[in-house]
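Asker: Residue numbers for the sequence shown follow the numbering used here, beginning at 59 and rising by one.
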Amino acid sequence: MVPTWLTVLAWIAIGAGCASAAVVLYDITVARRRQPMVIMTAVWPITALYSGPLGVLGYAWLGRTAPKDAPSEGNSSEGHGSGSRWRAGILSASHCGAGCTLGDIIGGWLIFATGWTLFGERLFAEYAVEFVLAWSLGIAFQYFAIAPMRPDMPARRALANAIKADTLSIVAFQVGMYAWMALVAKVFFDEPLPINGPAFWFMMQIGLLLGFLTTYPVNLWLVHAGIKEAM
Numbered sequence: 059m060v061p062t063w064l065t066v067l068a069w070i071a072i073g074a075g076c077a078s079a080a081v082v083l084y085d086i087t088v089a090r091r092r093q094p095m096v097i098m099t100a101v102w103p104i105t106a107l108y109s110g111p112l113g114v115l116g117y118a119w120l121g122r123t124a125p126k127d128a129p130s131e132g133n134s135s136e137g138h139g140s141g142s143r144w145r146a147g148i149l150s151a152s153h154c155g156a157g158c159t160l161g162d163i164i165g166g167w168l169i170f171a172t173g174w175t176l177f178g179e180r181l182f183a184e185y186a187v188e189f190v191l192a193w194s195l196g197i198a199f200q201y202f203a204i205a206p207m208r209p210d211m212p213a214r215r216a217l218a219n220a221i222k223a224d225t226l227s228i229v230a231f232q233v234g235m236y237a238w239m240a241l242v243a244k245v246f247f248d249e250p251l252p253i254n255g256p257a258f259w260f261m262m263q264i265g266l267l268l269g270f271l272t273t274y275p276v277n278l279w280l281v282h283a284g285i286k287e288a289m
């Protein structure tokens, strides 16, 4: 049985995430603060969906641009260490995390709809399905980051580069999230949380934040090593 206080807290966290994503999406689309890289139009709201106000602050600091029709003033994130190594790591980790987040959300609801288990465990089925979806969407996000930067590159090579650049970072993200969800399923609660309940998705938000933390140093290394291009 999920405690009432946790259900209330979960709804607050989910509401904050949805509101934060809406604020960022509104700013990019309606307020016409277009992203230089189109894929980031999806990345920033998705990041805010699980990180809430932290995601809004990150967007405001590192991703917010001047309105499209405003006099040229450059990117509002300039002057905040725009060329620094840590910024490149955060942007790269956010980009990776957005694809993983979509995969994890879709995977969770797919398991709920089908009732699939693996080795008699719902958790293992979640791991398998969510990894396939997270990897596929993560690679797609990376491909659509590479393609605009390298328009002369053949699509097959761009896809190969996306796989090379993002597979390790996706694994690192999922490891952080999986470790937390294992604790949730096996340690913190006597029985698995219902996927269609707010507590499960609140725990998922925390897991995604931990996934960001575990993938950040990996992305930092990938960018520094030249395996992944800085964004």
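Here a beta-carbon is modelled for each residue, glycine too, at the ideal position from N, C-alpha and C. Predicted model, so just to flag it, every value in this text is computed and none were measured.
Rounded to the nearest angstrom, how far is the Cβ of residue 186 from that of residue 175, given a contact under 8 Å?
Answerer: Counted from its first residue, the sequence shown places residue 186 at position 128. Counted from its first residue, the sequence shown places residue 175 at position 117. Not a contact, Cβ separation roughly 10 Å.
Asker: By alpha-carbon positions, which one of 95, 146, 116 and 101 ends up nearest to residue 284?
Answerer: Along the sequence shown, read from residue 1 onward, the residue named residue 284 stands at position 226. For the residues 95, 146, 116 and 101, the minimum Cα distance to residue 284 belongs to 146.
Asker: Just to confirm the assignment: which complete beta strand (DSSP E) runs, minimum length 3, are found wholly within the region 162-195?
Answerer: none
Asker: Which value, in whole angstroms, describes the spacing of the CA atoms of residue 90 and residue 179?
Answerer: Here residue 90 corresponds to residue number 32 of the sequence shown, with the count starting at 1. Here residue 179 corresponds to residue number 121 of the sequence shown, with the count starting at 1. Taking the straight line joining both Cα atoms gives about 46 Å.
Asker: Just to confirm the assignment, what range does the alpha helix (DSSP H) spanning residue 84 have?
Answerer: By one-based count along the sequence shown, residue 84 stands at place 26. Start and end: 62-87.
Asker: Can you check which of these residues, 114, 261 and 286, is closest to residue 237 by C-alpha distance?
Answerer: To locate residue 237, count along the sequence shown from 1; it is residue 179. With distances taken between Cα atoms, residue 237 lies closest to 261.
Asker: Please identify the residue among 87, 229, 251 and 164 whose C-alpha is closest to the C-alpha of residue 23.
Answerer: Outside the shown range of the chain (59 to 289) lies residue 23, about which nothing can therefore be said.
Asker: Taking 7 Å as the limit between beta carbons, can you name the residues of its chain near residue 207, skipping five residues before and five after?
Answerer: Within the sequence shown, residue 207 is the residue found at index 149, counting from 1. Annotation for residue 207: 287 place their beta carbon closer than 7 Å to its own, counting only its chain and skipping 5 residues before and after.
Asker: Under 8 Å: do the region 208-217 and the region 238-253 share three or more Cβ pairs, one atom per stretch?
Answerer: No, they do not touch.
Asker: Can you have a look at residue 224 and say buried or exposed, based on whether 16 or more other CB atoms are within 10 angstroms of its CB?
Answerer: Counting from 1 along the sequence shown, the entry for residue 224 is found at position 166. Counting Cβ neighbours within 10 Å, residue 224 comes out buried, since at least 16 surround it.
Asker: So, helix, strand or coil for residue 273, using DSSP?
Answerer: As a first step, residue 273 must be located in the sequence shown, where it is residue number 215. In this structure, residue 273 counts as helix in the three-state DSSP scheme.
Asker: Does residue 282 pass the burial test, meaning 16 or more other C-beta atoms within 10 Å, or should it be called exposed?
Answerer: Within the sequence shown, residue 282 is the residue found at index 224, counting from 1. Classification for residue 282: exposed.
Asker: Roughly how many angstroms separate the alpha carbons of residue 118 and residue 126, rounded to a whole number?
Answerer: Residue numbering aside, residue 118 sits at position 60 when the sequence shown is read from its first letter. Residue numbering aside, residue 126 sits at position 68 when the sequence shown is read from its first letter. Each residue's alpha carbon lies about 16 Å from the other.
Asker: Cβ atoms of residue 142 and residue 101: under 8 Å apart, would you say?
Answerer: Position 43 of the sequence shown, counted from the first residue, corresponds to residue 101. Position 84 of the sequence shown, counted from the first residue, corresponds to residue 142. No, Cβ-Cβ distance for residue 101 and residue 142 is not below 8 Å.
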